[in-house]
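**Q** In order, the protein sequence lines correspond to chains H and F. Okay, so the first sequence: first residue is 1 according to this note's numbering, each after it adds one. Okay, so the second sequence: first residue is 1 according to this note's numbering, each after it adds one. Beta carbons: idealized from backbone N, C-alpha and C, even for Gly.
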Amino acid sequence: MTAISERARTVQDDWLRMVLTLVRREVRDSLRDWRIVAPITILTLFFPVLMTFVADLAMGWVAKYGNPIIGDRLVPFLLMVVGFFPISFSLVIALETFVGEKERRSLEPILATPLTDAQLYLSKTLAAMIPPLLAAYLGITVYLVGLYFFKDWTPPLTLLLLVIALTTAEALVMVSGAVVLSSQTTSVRAANLLASFIIIPMALLMQGEAIIMFWANYGVLWWIVLFLVVVNVILVRMGIHIFNREELLGREIDELNPASLWRIFRGHFCWERWFFGLDVQKMPAGLRWLGTLGGLYRRDIPAVLRRSWLALLVVVIGLVGAAYIGYSYAELYPLPPKMLHLEQISAETFTEIPAVEWIPEFTVRWVLGNNVRSLLLAGLLAVFSFGSLAVVLLMAPLTIVFFFVAQAAQAGYSPLLFFAAFVLPHGVLELPAAAIATALVVRLGATFVSPPRGMTVGEGWLWALADFIKVFIALVLPLLALAAAVEVYVTPYIVTWTFGG
Amino acid sequence: MIELLGLTKRFDDFTAVDGVTLSVPPGEILALLGPNGAGKTTTVRMLAAILRPTSGQASVAGYSVTEHPQEIRRHVGLLTEHPGLYLRMRGREYLDFFGRLMGLGADERASRARELLSYFGMSEAWDQRMGTYSKGMRQKMALVRAMLHDPSVLLLDEPTSAMDPHSAKLVRDAVLGLRHHRRAIVICTHNLAEAEALADRIAIIRRGKIIALGTVAELKAHLLGAPLMELHLAQSVDGVVKLISDLVQVEAQAKDRLRYFTPHPQKTNPLLLQTLTAHGVGVVTLSEVRRSLEDVYLRVVEE
Chain H
1 MTAISERART
11 VQDDWLRMVL
21 TLVRREVRDS
31 LRDWRIVAPI
41 TILTLFFPVL
51 MTFVADLAMG
61 WVAKYGNPII
71 GDRLVPFLLM
81 VVGFFPISFS
91 LVIALETFVG
101 EKERRSLEPI
111 LATPLTDAQL
121 YLSKTLAAMI
131 PPLLAAYLGI
141 TVYLVGLYFF
151 KDWTPPLTLL
161 LLVIALTTAE
171 ALVMVSGAVV
181 LSSQTTSVRA
191 ANLLASFIII
201 PMALLMQGEA
211 IIMFWANYGV
221 LWWIVLFLVV
231 VNVILVRMGI
241 HIFNREELLG
251 REIDELNPAS
261 LWRIFRGHFC
271 WERWFFGLDV
281 QKMPAGLRWL
291 GTLGGLYRRD
301 IPAVLRRSWL
311 ALLVVVIGLV
321 GAAYIGYSYA
331 ELYPLPPKML
341 HLEQISAETF
351 TEIPAVEWIP
361 EFTVRWVLGN
371 NVRSLLLAGL
381 LAVFSFGSLA
391 VVLLMAPLTI
401 VFFFVAQAAQ
411 AGYSPLLFFA
421 AFVLPHGVLE
431 LPAAAIATAL
441 VVRLGATFVS
451 PPRGMTVGEG
461 WLWALADFIK
471 VFIALVLPLL
481 ALAAAVEVYV
491 TPYIVTWTFG
501 G
Chain F
1 MIELLGLTKR
11 FDDFTAVDGV
21 TLSVPPGEIL
31 ALLGPNGAGK
41 TTTVRMLAAI
51 LRPTSGQASV
61 AGYSVTEHPQ
71 EIRRHVGLLT
81 EHPGLYLRMR
91 GREYLDFFGR
101 LMGLGADERA
111 SRARELLSYF
121 GMSEAWDQRM
131 GTYSKGMRQK
141 MALVRAMLHD
151 PSVLLLDEPT
161 SAMDPHSAKL
171 VRDAVLGLRH
181 HRRAIVICTH
191 NLAEAEALAD
201 RIAIIRRGKI
211 IALGTVAELK
221 AHLLGAPLME
231 LHLAQSVDGV
241 VKLISDLVQV
251 EAQAKDRLRY
261 FTPHPQKTNP
271 LLLQTLTAHG
281 VGVVTLSEVR
291 RSLEDVYLRV
301 VEE
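1) Let me know if Gly83(H) comes out buried or exposed under the rule of 16 or more other beta-carbons within 10 Å of its beta-carbon.
2) Suppose you measure from the CA of Leu247(F) to the CA of Ala226(F); what does that come to, to the nearest Å?
3) Give the residues from the segment 35 to 48 of chain H that approach chain F closer than 7 Å (Cβ to any Cβ), ordered along the chain.
4) Taking C-beta pairs closer than 7 Å, name the residues in chain H that Ala48(F) reaches, listed in chain order.
5) At a cut-off of 6 Å, would you count Ile2(F) as near the ligand ADP, judging by its Cβ distance to the nearest heavy atom?
6) Return the first residue and the last residue of the beta strand (DSSP E) that Thr285(F) is part of.
7) Assuming Ser55(F) is part of the beta strand (DSSP E), what are its boundary residues?
8) Along the chain, where does the beta strand (DSSP E) containing Lys135(F) start, and where does it finish?
9) Report the three-state DSSP secondary structure of Met1(H) (helix, strand or coil).
10) Would Val236(H) and Ser176(H) be called neighbours here (beta carbons separated by less than 7 Å)?
11) Indicate whether at least one CB of chain H lies closer than 7 Å to the CB of Arg74(F).
12) With a threshold of 7 Å between beta-carbons, can Leu233(F) be considered close to chain H, or not?
13) Determine the chain F residues that contact Thr21(H) at a beta-carbon separation under 7 Å, and present them in chain order.
14) At a Cβ threshold of 7 Å, is Glu459(H) touching chain F?
15) Which partner residues does Lys9(F) have in the DSSP bridge list?
16) Since Phe276(H) sits in a beta bridge, which residues does DSSP pair it with?
17) For the candidate residues Asp152(H), Val180(H), Met51(H), Ile70(H), whose alpha-carbon lies nearest to that of Leu91(H)?
18) Taking a contact to mean a Cβ-Cβ separation below 7 Å, would you say Leu398(H) touches Ala390(H) in this structure?
19) Please state if the CB of Ala113(F) and the CB of Gly136(F) are separated by a distance shorter than 7 Å.
20) Quick one: list the residues of chain H neighbouring Leu104(F), beta-carbon separation under 8 Å, in chain order.
21) Please name the residue or residues paired with Phe261(F) in a DSSP beta bridge.
22) Quick one: list the residues of chain F neighbouring Asp29(H), beta-carbon separation under 9 Å, in chain order.
23) Return no unless some Cβ of chain F is closer than 7 Å to the Cβ of Pro109(H).
24) Less than 6 Å between C-beta atoms, sequence neighbours within five positions excluded: which residues of the same chain meet that for Ala146(F)?
25) Name, please, each residue of chain F whose Cβ falls closer than 8 Å to the Cβ of Leu249(H).
26) Taking Cβ positions only, does Arg288(H) come closer than 7 Å to chain F?
27) Anything in the segment 153 to 181 of chain F with a Cβ closer than 8 Å to a Cβ of chain H? List those residues in chain order, please.
28) Using the beta-carbon count (16 or more within 10 Å), is Met339(H) buried or exposed?
29) Here's the rule I'm using: 16 or more other beta-carbon atoms within 10 Å means buried, otherwise exposed. How should Thr351(H) be labelled?
30) Going by beta carbon distance, what residues of the same chain come within less than 6 Å of Met1(H), once the five residues before and after it are set aside?
31) So, with DSSP's three-state summary, where would you put Asp150(F)?
32) Cβ atoms of Ile205(F) and Lys9(F): under 7 Å apart, would you say?
33) What's the gap between the Cα of Leu126(H) and the Cα of Val37(H)?
34) Going by DSSP, which residues form a beta bridge with Cys270(H)?
35) Can you round the beta-carbon distance between Thr74(F) and Met102(F) to whole angstroms, since I take them to be within the 8 Å contact cut?
36) I need the straight-line Cα distance from Gly19(F) to Ser450(H), nearest angstrom please.
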């Protein structure tokens, strides 16, 4: 047992030793590049001194007008700024980690060493982060030392920890994102162009953080730290998952090949005909469509659902969570007792719905259109949020539904009866359809983080897209249409019959 | 030591290597020849476990390239097409860095590095930044990097390109020394004279397929036909052609020279000389017309 654990420790030490060897080389190389060292030095030493001077000046100036709060808020804000400026360099270093080496032709010898993909990826990420991060900490120290000597100001410990955590989290996210770009592009130029996808969100985030800093609501900033850590975990996971040493060397140009994309998509979209074991080719031409439908509904769609089981599970957990949140909020914010008078519901109640501003008409077409629009929007959001926002979008209406179910219970109605009358008739079709569609768009987003084994991100994404479109047209849309018809023509009668006066 | 069985590599629609089957036992040098884009580098990258084959199998130093890529990288020395050095590093730092990645101890790293640099006449480069190296020095440094961990398999892509004749000879001698130490070596090169001088066997690859494989002699015999002999006479060839027509078919003739193919020169040539001597025809020389690997290569590739 001891021998085994000793061996495991040796393997682990070896693993880390390889990582540190590469990190040391990369850091040393960065520190030998004056184009990196000179700006970092300026931002680390001169800029914080300047900021100390600015803070001193601003505090004195605003104090003259009896408004010291601005000065008080400016000092922590500048603390955040002196930390952020040096880490902006981490982006420059990280963007050229892989693709820069590829351009300099020094990547292949490294790929030929026993380094694993994870070691290579981790080393490059750490190496891109360490010099700017150390510079950021040094900048913060210089700024604080200046303030201590000139203004006798020391930050509260929580504020200092917050700024350090924020700076570190921002550096982590920028480096992780930039390393992903660097490992997926074929030239430094392309990586720099794509860096806008990091720079713009980070700039917006910084502006938001600046407002919060002036607002002095530091609790919100801790949530931002947490958010950045989660984003970083996703980016690192995504980076390691889609990192492919083969692609790094094999791909020479970022070429968009529509014909190839179409071929891959079509390959995943098409399905085999099947009709209860019969040879479809030998069936009369007029009946072969049975094989097409049989193959789709008996073979292909079940297969799509089977391979989407994890996404379906996530959606189901989301739905259960939505029900819980709806119930909890109903307890927190109960409606006035007389507000929920279900006995007052009549056939007219439903004909008057179009009077509500956000429900301009209560027709099958409108309900269907609204559901389809929501699910397509979920698909779009899923792509940009690794699938997560699609689940949130599905949870929102269900949270509202369960909020009212709980309110009905509090008002003395049977929650089961309320649910059975208001939701179940059309929900039995609409909910599974929406859950399936959401699960498939979750796959669309999640493919970026975790492409299927043996596939590139592009291939995996086209596969998920083909599955989504196929199931959406063949299963989700018919179910939603039927649900809309039930919702417009059946549910009102059941509700009126159950509760109406 | 190196076994390839139906090794194939596709990039989307393009097949770079198409069902390559060959083996290189320990102590053998195989030269991989072929035009640009034929699939040589892709084959070598698969053998170095940098690229994963699309199909087929390959084992290098006893490990499968698909199942144990890390082990393969530990046992293979790869000289890449471009030296790919870190120009801001010094020679000693660079070799120390790669030695560490290859798992060598500190003493071993230093002694191997010094020994190899000294062999290639690069001792003075030990403490110089590699950005100051000449092209040839960079190539030699890349070769030292490939040989540093004393690999059992060496994959060398254009090992002597950019080198002066003296350095090229040092490299060739080093490669021959490694063969003597039973290393399996694959050399990709466009230098046909070098391939002929070094390689035990030649594989010619075109459009991803091996189109010729064998020793230089086998390839010549197979692709260029029977040996071509040239007879230089002390007199005009008039009348001589008829004399020897029962023995050989004359391919070409000039004033005092003629050429003929013979599949069995050891039998034919003595008989031919006897006949000529018996008829009083003076023979100045009888020799085989040297046909180079280039002839073989051009024949195969142009086909």
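**A** In this structure, then:
1) Gly83(H) should be labelled buried.
2) The straight-line gap from Cα to Cα measures roughly 15 Å.
3) Answer in chain order: no residues at all.
4) Here the neighbours are Ala112.
5) For the ligand ADP, the structure offers nothing, since it holds no ligand at all.
6) That run of the beta strand (DSSP E) goes 283 to 288.
7) First-last of the beta strand (DSSP E) with Ser55(F): 55 to 60.
8) From DSSP, Lys135(F) is part of no beta strand (DSSP E) but of the alpha helix (DSSP H) over 135 to 147.
9) Any answer about Met1(H) is weak, because its pLDDT of 47 lies below 50 and its placement is not dependable; what the coordinates show is given next. Coil at Met1(H), not helix or strand.
10) Cβ atoms of Val236(H) and Ser176(H): closer than 7 Å.
11) Residue contact with chain H for Arg74(F): present (Cβ-Cβ distance below 7 Å to some residue of chain H).
12) No, because no Cβ of chain H sits closer than 7 Å to the Cβ of Leu233(F).
13) Under the 7 Å cutoff, chain F gives Phe97, Arg100, Leu101.
14) No, because no Cβ of chain F sits closer than 7 Å to the Cβ of Glu459(H).
15) Answer is Val17(F), bridged to Lys9(F).
16) In DSSP, Phe276(H) forms no bridge with anything.
17) Of the candidates Asp152(H), Val180(H), Met51(H), Ile70(H), the one whose C-alpha sits nearest the C-alpha of Leu91(H) is Val180(H).
18) No.
19) No, they are not a contact pair.
20) Below the 8 Å Cβ cutoff, chain H contributes no neighbours of Leu104(F), its closest Cβ being approximately 11 Å away.
21) Looking at the DSSP assignment, Phe261(F) forms a beta bridge with Leu228(F), Gln249(F).
22) Within 9 Å Cβ-Cβ: Tyr86, Arg88, Met89.
23) Pro109(H) counts as touching chain F.
24) Around Ala146(F): Gly77, Leu78, Leu79.
25) What Leu249(H) touches in chain F: Arg45, Ile50, Leu51.
26) No, Arg288(H) does not count as interfacial toward chain F.
27) So the list is empty, because no residue satisfies the distance condition.
28) Exposed is the call here.
29) Exposed: under 16 other Cβ atoms inside 10 Å.
30) Confidence is the limiting factor: at Met1(H) the pLDDT is only 47, short of 50, which leaves the residue's position unreliable, though a coordinate-based value still follows. In the same chain as Met1(H), and ignoring 5 residues on each side of it, no C-beta atom comes closer than 6 Å to its own.
31) Asp150(F) sits in coil when the DSSP states are folded into three classes, being neither helix nor strand.
32) Cβ atoms of Lys9(F) and Ile205(F): not closer than 7 Å.
33) Roughly 17 Å separates the two Cα atoms.
34) Note: Cys270(H) sits in no beta bridge, so no partner.
35) Checking the sequence shown, residue 74(F) turns out to be Arg, not Thr. Taking a contact as a CB-CB distance under 8 Å, the pair Arg74(F) and Met102(F) counts as one, their CB atoms being some 7 Å apart.
36) In this model, Gly19(F) and Ser450(H) are separated by some 31 Å (Cα to Cα).
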